[in-house]
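Peer 1: Mind looking over this structure? Questions follow.
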Amino acid sequence: MVAVRADTTFSDARAAFFAAAPDPLDLTGGPAVDLSVRIGSLTLLTPVMPASGCFGPELGALIPVAELGATVTKTVFGSARGGNPVHRLTEIPAGMVNSVGIPSRGPAGYLATLHPRYAAFDVPTIISVGGHRPSEYAPVVAALGENGAAFELNVSCPNLDRNGTDIGSDPAAIREVVAAVRLVTDRPIIVKLPVLVASIADCARAAEEAGADAVCVANSIPAMPLDARTRRPILGNVIGGLSGPSIKPIVLRLVWLASRAVQIPVIACGGVGSVEDALDYFSVGASAVQVGTASFARPFAAVEVARGLRQRCLDAGVGSIRELLELDAAQ
Amino acid sequence: MVAVRADTTFSDARAAFFAAAPDPLDLTGGPAVDLSVRIGSLTLLTPVMPASGCFGPELGALIPVAELGATVTKTVFGSARGGNPVHRLTEIPAGMVNSVGIPSRGPAGYLATLHPRYAAFDVPTIISVGGHRPSEYAPVVAALGENGAAFELNVSCPNLDRNGTDIGSDPAAIREVVAAVRLVTDRPIIVKLPVLVASIADCARAAEEAGADAVCVANSIPAMPLDARTRRPILGNVIGGLSGPSIKPIVLRLVWLASRAVQIPVIACGGVGSVEDALDYFSVGASAVQVGTASFARPFAAVEVARGLRQRCLDAGVGSIRELLELDAAQ
Amino acid sequence: MLVHEPVGERYRRLVLASGTITSTAQAGQFLMITVPPHAGDRILLPRPMAIHRRRPATGATPGTIELIYGVVGRGTRALAAVPVGARLQVTGPLGRGFDYPVGTRSALLIGRGVGICGVMGAAEDAAALGIRATMVLSGQRPDQVLGRADCAELGVRTIEVTDDDGSSDLATLAAMLRAEFDGAAPERTAPDVIMVCGAGVLARLAAELGAHWGVPVQASLEAHMACGLGYCHGCAAPVRTDPSIEGPLVCADGPVFDANIPVV
Amino acid sequence: MLVHEPVGERYRRLVLASGTITSTAQAGQFLMITVPPHAGDRILLPRPMAIHRRRPATGATPGTIELIYGVVGRGTRALAAVPVGARLQVTGPLGRGFDYPVGTRSALLIGRGVGICGVMGAAEDAAALGIRATMVLSGQRPDQVLGRADCAELGVRTIEVTDDDGSSDLATLAAMLRAEFDGAAPERTAPDVIMVCGAGVLARLAAELGAHWGVPVQASLEAHMACGLGYCHGCAAPVRTDPSIEGPLVCADGPVFDANIPVV
Ligand SMILES: Cc1cc2nc3c(=O)[nH]c(=O)nc-3n(C[C@H](O)[C@H](O)[C@H](O)COP(=O)(O)OP(=O)(O)OC[C@H]3O[C@@H](n4cnc5c(N)ncnc54)[C@H](O)[C@@H]3O)c2cc1C
Ligand SMILES: Cc1cc2nc3c(=O)[nH]c(=O)nc-3n(C[C@H](O)[C@H](O)[C@H](O)COP(=O)(O)OP(=O)(O)OC[C@H]3O[C@@H](n4cnc5c(N)ncnc54)[C@H](O)[C@@H]3O)c2cc1C
Ligand SMILES: Cc1cc2nc3c(=O)[nH]c(=O)nc-3n(C[C@H](O)[C@H](O)[C@H](O)COP(=O)(O)O)c2cc1C
Ligand SMILES: Cc1cc2nc3c(=O)[nH]c(=O)nc-3n(C[C@H](O)[C@H](O)[C@H](O)COP(=O)(O)O)c2cc1C
Ligand code: FES
Ligand code: FES
């Protein structure tokens, strides 16, 4: 038994960088650049935000969070969960695999301990919500009430009503989740879809038809890393989610298909670490991007992407990302 | 218009290697090693074979095909197909993406031109069969008759009866395909499943219940590589299948799940290039492996895997791969 | 990066100039080191490393920190290729370190291999606070025992044990330490606190000795990490807890824990 | 690998010892080169490269083949790092090469950039067969024009054109070649065959000239390749064909095709 010290956590003030922060953006002169994007009734000033689980209020001590379009919380479940056994993550070539298992203190715990720290940032808080059955989402959203500027429904969770296949791989279950959540909130609803689905178009359409304001494509890809020496699973949970650069070509296709299938905005998530990655996703139809794995090695990554998009527009003398892409395509 | 020269093809005799071929196996002494594996009524002497589309009779001039458990043909469709526009393939870090599109001359064309060259090898020919609708498979298998030692049903094909989602992502469609094929052949049936499915267990069980003798897990993963400079799709078909080392952690999980879901053998396919890769798959439940992408750079790859498995058993003084893995696990 | 040199066959010493970290870091805290891309191989996750030594600024010489790490996998191999003079992105100091209970007069410190770096800060503090510290340096072979020179510099007494001569064997070591500290002379009585870093068995040894002498034990634990800041929840401590409640995180609640027997 | 050296800023020359390939390779054939892993980066697909020169064995000196390649992407970058003396795995010679029609007395060869390597074998054959060959060497800048020394060694007349002075411009070049070969003197009459390797526009130029003079054109085409042997079906030639019938494969049916106007 370990006697853990009282409820202290990491003290933000202690964090410091050796490396100089990227230079602030030169905003003198040039045309007005408008990078804003609408997710239902919510307007984000820039189409760049963190990916769920890859951001925490602790980062406020390191990076200018206000330069992001929004923050996105780690997924909140209805009941308290402890998370998975160790190891919970590892790195493989061009990717990481995590089986954190989404520890959660439930909505009350989130509101008491974490939300105040999110609310202190000058950007909207998108609260990620999870569930083990389609019926579990709406109560969580209702309990979070007006605290979320928007809700991202993480449907990459095994559906215990349907022998454990992901809720998000079943268009009917997606419809059920979104319709129920729509009844308890006026705030924008984003549905975050999994990769392993028979038809991403069908899943995105199910979300749109049931009243979602955006889809996020996609989550990490289930994978099973083995220890090269012992041939045993590295992760305590055996299986984890693969994220990072190696999933980008797979997710690019999904974003392309989803954005042809629905009218609502598609938020791309998968291997974004640079402006180039973001522009690749915009060029296949995304309206915004989320930065996940890249933030661990470079906490500035998301801010760099946001600044870089603006700088590219300024350099090209255009006012929006659409114009930037049109210019590129014309060349 | 190009006037293509008459129907000549590559002359095998011209192929030559700079590099010395791997040393032949030392078979003197030691216990009898039995690597054989049964796929229904068919016994393969070694559990290593090429992946469909990554082998051709042309390789007979380069490698000792007889050391493989079987050959596997490129997928044969019922009607002639021309294949996709250029570019049809490209390489990205840790993977290749191909959109060959499965050109095919139909069963008659296959039997007339290709099959005699396969039949000349001293190992069973597994004929891969495709279709655009569940109903299209059985006629092809019937037309190929006794020529296939076994049939591998490539169900990673868009189902034109069901608005283009893959046949193999729909357990009902898998059942329909397998049941129909079962009626026209007594030869072993292998169902080759796609990666992007809601539940690989459900798909594998559907194949087993409908009478398949094995499942092959899995095919390449649909992806969309973009040109880094122009941001345009590299492939003429926009989308292609990602294969090679980067898909292995994803496919390992699928093989693990599939082999827990069914009694029939699971053939692993995805990123196998070495004995280590093969043993990883065996350790999560595979009964055999297929070697695809690795053969392009190293035509000897599959033979090396087969020889390496035998050598490992000899070195460890055991008679089978199961014993080898038990020994490893005990350490 | 001021120094980057091999230490024996398996380790590398890294000295970084950083006034801030040197002046604020507590004993037992760690850094997250972003590994620069190395010949086409991109390392995605930063690597956690203990702060082995803090050398404050003196006059014009800037403050430095010293790390020692083992080259074990892709990340540390790529790190080992970074040339002296390069700028390294480092986040820290992070985590909760070792803390001498008020009134501590003597301490037993225990480390093995690179784990010695995790507890060296406590030796520095002991020297500064006038605490009588004894440090057990364990390793496979004598040439793999780190920290000898550091302890000499700090005036900390050392007990070296190795696998080679069997002295690092758990039972042998336990018996030796009991014999050492079960005496009557002031310098032979039980230490006031035990601080340990290293493999699970060493932590268990420390816990046993702590129970035997009735003194507190502080143990530094390891876990795979992504963020190092407490938000990714990847670094669960290897301890058993109620499955519906999240257990402690090594990066934010540790790496140093007040421990009796950490259940691995 | 006997020689591996830079040629100008963008190219590298590679000389391999191989009796077999040297003695059997036909003009215009190619090799598939397996690129060894380079500092953690594994290249999965072999890279197709034209055989620039075949130098048969003489006495004790073994036969060699020479390639020239441009460093353009991951694969050629990794290849450029292979040291002299290393063994390279190479499959070939592959494909259908250039073939002088019976009775050919004169030939016009056209290449641009590394495409010059694709057609250099035809210059070697011309020299050996006593065919009067003229070779157009096109490039961006004079220092990027390959094959000058090779043609001099083979006694093949060259016409150099570059983007720098505008002489490589398609219309300019077409006019120049017509002027050159529309004459009456034997060495000023139309060639008996045109052989071309390079970008689509050059092939179109060759087709136009071929139609103008009424002589056959052989064009070497490129495609992304995986197997090089005809079984992966990845290297469809960039030509329009009936969508239900597979068109020609560059590796097995080419790379050299009898062409009028290849529709790219
Ligand atoms: C708080 C703390 C302090 C540490 N201090 C030191 C030190 O001073 N000197 C030293 O040599 N090592 C130290 N380590 C261990 C060091 O972080 C690992 O050796 C290193 O991460 C291995 O990376 P790799 O890529 O070379 O190994 P790989 O095995 O290739 O790494 C694969 C993945 O597993 C993780 N991993 C592997 N081993 C460990 C480990 N032991 N601890 C944490 N993560 C691991 C890696 O970070 C990576 O994500 C410390 C670890 C922690 C948690
Ligand atoms: C028959 C034939 C003969 C050739 N001879 C020569 C030669 O003598 N000298 C020379 O410099 N180049 C030659 N090439 C082109 C050469 O193969 C490419 O430049 C090379 O493959 C680029 O690889 P990369 O990884 O550096 O480029 P990348 O662009 O990173 O390659 C990505 C992928 O595209 C393929 N690819 C990219 N460009 C080409 C291309 N032009 N042709 C074929 N595949 C391509 C690569 O093989 C790889 O699969 C020849 C091509 C063919 C088909
Ligand atoms: C450590 C870690 C924790 C994550 N936690 C969550 C989570 O709680 N909820 C969720 O929807 N996605 C979670 N994800 C998935 C990410 O939000 C993202 O979808 C995925 O990592 C792909 O993006 P990336 O390639 O940019 O990392 C997590 C990812 C990582 C790496
Ligand atoms: C060029 C190429 C062509 C392929 N053609 C087929 C095919 O015709 N039928 C099929 O079922 N799979 C085909 N595949 C998929 C492979 O059989 C295999 O499932 C996939 O490449 C994953 O294995 P790997 O990582 O070992 O390459 C093809 C793959 C490649 C690279
Ligand atoms: S490493 Fe992220 S929470 Fe500890
Ligand atoms: S490269 Fe494989 S068929 Fe031509």
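Chains as they are written, first to last, in this note's numbering: chain A, 2 to 332; chain B, 2 to 332; chain C, -2 to 261; chain D, -2 to 261. Using N, Cα and C, we set each Cβ at its ideal position, and we do this for glycine too. Note that the structure is predicted; figures quoted are calculated from it, not measured.
1) Quick check: is the beta carbon of Met97 (chain B) nearer than 8 Å to any beta carbon in chain A?
2) Following the continuous beta strand (DSSP E) through Arg201 (chain D), name the residue where it begins and the one where it ends.
3) Starting from Leu246 (chain C), follow its DSSP beta bridges and name the residues at the other end.
4) If we cut at 8 Å on Cβ distances, does Thr1 (chain A) have a partner in chain B?
5) Span of the alpha helix (DSSP H) holding Ala149 (chain D)?
6) Any residue with its Cβ nearer than 5 Å to a heavy atom of ligand 2 should be included. What is that list in chain order?
7) Within 10 angstroms of the Cβ of Asp19 (chain C), are there 16 or more other Cβ atoms? Answer buried if so, exposed if not.
8) Is it buried or exposed for Phe254 (chain C), if we count other Cβ within 10 angstroms and need 16 for buried?
9) In the DSSP output, which residue or residues are listed as bridge partners for Met46 (chain D)?
10) In the stretch 163 to 239 of chain B, which residue ranges form an unbroken beta strand (DSSP E) of at least 3 residues, counting only runs that do not cross its ends?
11) Should the stretch 121 to 134 of chain C be regarded as contacting the stretch 148 to 156 of chain C, the criterion being three or more beta carbon pairs within less than 8 Å?
12) Roughly how many angstroms separate the alpha carbons of Gly118 (chain C) and Ala181 (chain C), rounded to a whole number?
13) Please name the residue or residues paired with Leu90 (chain A) in a DSSP beta bridge.
14) Give the DSSP-derived three-state secondary structure of Asn155 (chain B) in the structure shown.
15) Check Pro108 (chain A) in the structure and name its three-state DSSP category.
16) Assign Thr72 (chain A) to one of three DSSP states: helix, strand, or coil.
17) Hey, Leu243 (chain B) and Val34 (chain B): beta-carbon distance below 8 Å or not?
18) For Gln332 (chain A), which of helix, strand or coil comes out of DSSP?
19) DSSP state of Ile107 (chain D), grouped into three classes?
20) Along the stretch 119 to 145 of chain D, what residues have a CB closer than 9 Å to any CB found in chain B?
21) Output needed for Glu305 (chain B): all residues of its chain with C-beta closer than 8 Å, excluding positions within five of it in sequence on either side, in chain order.
22) Check whether chain B comes within 8 Å of His1 (chain D), counting only Cβ atoms and requiring the distance to be less than that.
23) Should Asp214 (chain B) be flagged as near chain A, meaning a C-beta pair shorter than 8 Å?
24) Does ligand 6 have even one heavy atom less than 7 Å from the beta-carbon of Leu246 (chain D)?
25) Compare the C-beta of Arg337 (chain A) with all C-beta atoms of chain C and state if any pair is closer than 8 Å.
26) Using DSSP with H/G/I as helix, E/B as strand and the rest coil, what is Thr186 (chain D)?
27) For ligand 4, any of its heavy atoms closer than 7 Å to the Cβ of Asn99 (chain B)?
28) Indicate, with yes or no, if ligand 1 has a heavy atom lying under 7 Å from the CB of Leu167 (chain C).
29) Would you say Ser321 (chain A) faces chain B, with C-beta separation under 8 Å as the test?
30) Tell me the start and end of each unbroken beta strand (DSSP E) in the stretch 246 to 314 of chain B that is at least 3 residues and wholly inside, in chain order.
31) Starting from the C-beta of Met225 (chain B), find all residues in its chain whose C-beta is less than 7 Å away, skip the five residues before and the five after it, and write them out in chain order.
32) Can the beta-carbon of Leu280 (chain B) be found less than 8 Å from the beta-carbon of Arg232 (chain A)?
33) If you measure between the beta carbons of Ile65 (chain C) and Arg10 (chain C), is that distance less than 8 Å?
34) Just the C-alpha distance for Gln264 (chain A) and Glu209 (chain A), rounded to the nearest angstrom, thanks.
35) Can you give me the C-alpha to C-alpha distance between Gly5 (chain D) and Thr159 (chain D), rounded to a whole angstrom?
36) Using the Cβ count rule (16 or more neighbours within 10 Å means buried), how would you classify Thr31 (chain D)?
Peer 2: Taking the geometry as given:
1) no
2) That residue, Arg201 (chain D), is in no beta strand (DSSP E); its alpha helix (DSSP H) goes Gly197 to Trp210.
3) C:Ala233
4) The requested residue 1 (chain A) is not part of the displayed model; chain A covers only 2 to 332.
5) Arg145 to Leu151
6) Result: B:Thr91, B:Glu92, D:Phe27, D:Leu42, D:Arg44, D:Pro45, D:Met46, D:Ala47, D:Tyr66, D:Gly67, D:Val69, D:Gly70, D:Arg71, D:Gly72, D:Thr73, D:Val111, D:Cys114, D:Glu219, D:His221 and D:Pro252.
7) Rather than Asp, the amino acid found at residue 19 (chain C) in this sequence is Thr. Buried is the call here.
8) buried
9) D:Leu28
10) 190 to 194, 215 to 218 and 222 to 224
11) yes
12) 29 Å
13) A:Asn99
14) Three-state DSSP puts Asn155 (chain B) in a strand.
15) helix
16) strand
17) no
18) Coil.
19) strand
20) none
21) Excluding residues within five positions, the ones whose Cβ falls inside 8 Å are Pro23, Ser275, Val276 and Arg299.
22) no
23) Taking a beta-carbon distance threshold of 8 Å, Asp214 (chain B) does not count as an interface residue toward chain A.
24) True, at least one ligand heavy atom lies under 7 Å from that Cβ.
25) Outside the shown range of chain A (2 to 332) lies residue 337 (chain A), about which nothing can therefore be said.
26) Reduced to three states, the DSSP call for Thr186 (chain D) is coil.
27) yes
28) No; taking the cut-off as 7 Å, the Cβ of Leu167 (chain C) has no heavy atom of ligand 1 nearer than that.
29) no
30) 267 to 270 and 289 to 292
31) Excluding positions up to five away in sequence, the list reads Pro234, Val239 and Ile240.
32) yes
33) yes
34) 8 Å
35) 15 Å
36) buried
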